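Step one of this worksheet: look at the structure below.
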Amino acid sequence: MVCDKTATIGMVPRWFKIIRRGIRIRSVVKFVVIGVAAALIRFQPPAAQIERSYSGGIYVVINSWLARLSNLVPFAIGDILLIALIIGLPAGWILRLASAGRGRRVPAFTSLVLDTLALGAAVYLTFLVLWGLNYSREPLTSMLDYEEQRITPEASKRLLLLTIQELNADSALAHERPWPSDEEIRQVLYPSFEATIRDLGNRTGITPAIPKTSLLGAYFEATGVTGFTDPFTHEVILNATLLPFEKPFILAHEWGHLAGFARESEANFVALLACARSDVPVVRYSGWLALYSNLVRSGMMLPPLSPQVAADLRAIRERERRHVIEQVSRAERRVYDQFLKANRVEEGVGNYGLFVRLVLGTRFKSNWVPVRRAAEAVPVYLLPTFFDAAR
């Protein structure tokens, strides 16, 4: 067989050009990804557009698929992704620098910096698409019949009195029989949760995530984090030390995040309504306990809590005392505060404190059904406040 060296030599530049063109295209793609991510950190679509097209549109489909897939796996998929990132990123750096050899390590280092920036940008864009854009949706204060002037010291006191009354009543009912299992809690919680988010504009409901444990369980215990919603896998992780009467509210809170209510105050608001309007005493009791812990009680003459309620509150404080490491908790709050502010939550972790204001400032129909702005044409004096909602 005769070898045509001329043809072979002529093919080399063509393959070389193809390879170089591929490298240039990949570099351009990396710069584009970095540029788009940087632009979205600064600028995002208007809240009304995100509400209509994303939170009420594509996000519903994303949640349905991801939550269903995650529920099929008994362990936390997010743990696997995190381990892969923690091991893979440093290993990639070490291997590429080692294989570059002398004289090529500076270009290799420059390429690694670009690749790492591109990876970070891609992760950020994935976060926005899968869940993070919900931070920029319309706030509930603009969607509901909410007025700041309703938030008065007298209204706060009345809410506290109502909470004590409901706690004492539901405590007796909740503790008269063995506490339900975690699966039973999910089953009895979801109907009132789904009704709540539908009243808040979510017309399709969500695929409820089955709570899981995580390899980061010890970290959650040390920081005092009671639950976590993974924005990439739509999994819900609950702190393994939670007491039974804490779980319904915390689970409803995390489901609230899955329903697209990214702000902590709004997820708390969703969780409270889901619990308060439930037909099941253990679910209602969990909600009232959480609300009571957020209310200011200084300087007020109040009716006493029942011995069982007082014992449950002491048990929650004791759980936190045993497991939370204050220095770790403070560090976690600082990091989370910066994360929230970077995602347009100006109050940072202070957003938790807006939960009670949202309850006080919103007008409700009976059974804790919030009134939306579309109902503004109804005379305001005909619409009940949250005090009437509990009757």
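Mapping of the sequence shown onto our numbering: residues 235 to 625, in sequence order.
Even for Gly, the Cβ is constructed at its ideal location relative to N, Cα and C.
Here the structure is a predicted model, which is why all the values come from computation and not from measurement.
Residue state for LEU378 is assigned as strand, using DSSP reduced to three classes. LEU592 is positioned such that its CB atom lies no closer than 9 Å to that of PHE466. Judged by DSSP secondary structure, THR463 falls within the beta strand (DSSP E) whose first and last residues are 461-463. For ILE440, the closest of SER298, LYS599, PRO604 by C-alpha to C-alpha distance is SER298. Close CB contacts of GLU372 within its chain, under the 6 Å cut and outside five residues either way in sequence, are with ALA281, GLU285 (chain order). Relative to GLY587, the option among ARG548, ASN528, GLY291 whose CA is nearest is ASN528. Around the Cβ of GLU469, a 10 Å sphere holds 16 or more other Cβ atoms; the residue is buried.
Here DSSP, grouped into helix, strand and coil, assigns LEU346 to helix.
The closest CA to that of VAL270, considering only LEU477, ALA510, TYR358, is found on TYR358. Under DSSP, LYS446 shares a beta bridge with ILE471. Using a Cβ-Cβ distance cut-off of 8 Å, the stretch 538-551 and the stretch 454-464 are not in contact, since fewer than three pairs of beta carbons, one from each stretch, lie closer than that value.
Assignment of ARG591 by DSSP, reduced to helix, strand and coil, places it in the helix class.
In the DSSP assignment, PHE598 is bridged to PRO604.
In the three-state scheme derived from DSSP, where H, G and I count as helix and E and B as strand, VAL569 is classed as helix. If you compare the alpha carbons of LYS264, ILE398, VAL307 with that of LEU353, the shortest gap goes to LYS264. Taking the Cα positions, SER304 is about 19 Å away from LEU362. With contacts defined by Cβ atoms closer than 9 Å, VAL590 and SER376 do not form a contacting pair. By the Cβ-count criterion, PRO412 is exposed, with fewer than 16 other Cβ atoms from all chains shown falling within 10 Å of its own Cβ. For ARG518, the closest alpha carbon among the candidates SER405, GLU488, GLU554, TYR453 is that of SER405.
When C-alpha distances from PRO442 are compared across LEU331, ILE296, ALA576, the shortest belongs to ILE296. Less than 9 Å separates the beta-carbon of HIS487 from that of GLY461. For TRP365, the secondary structure class from DSSP, reduced to helix, strand or coil, is coil. The DSSP-derived three-state label of PRO537 is coil. Looking at the backbone, the Cα of LEU393 and that of THR430 are separated by about 20 Å.
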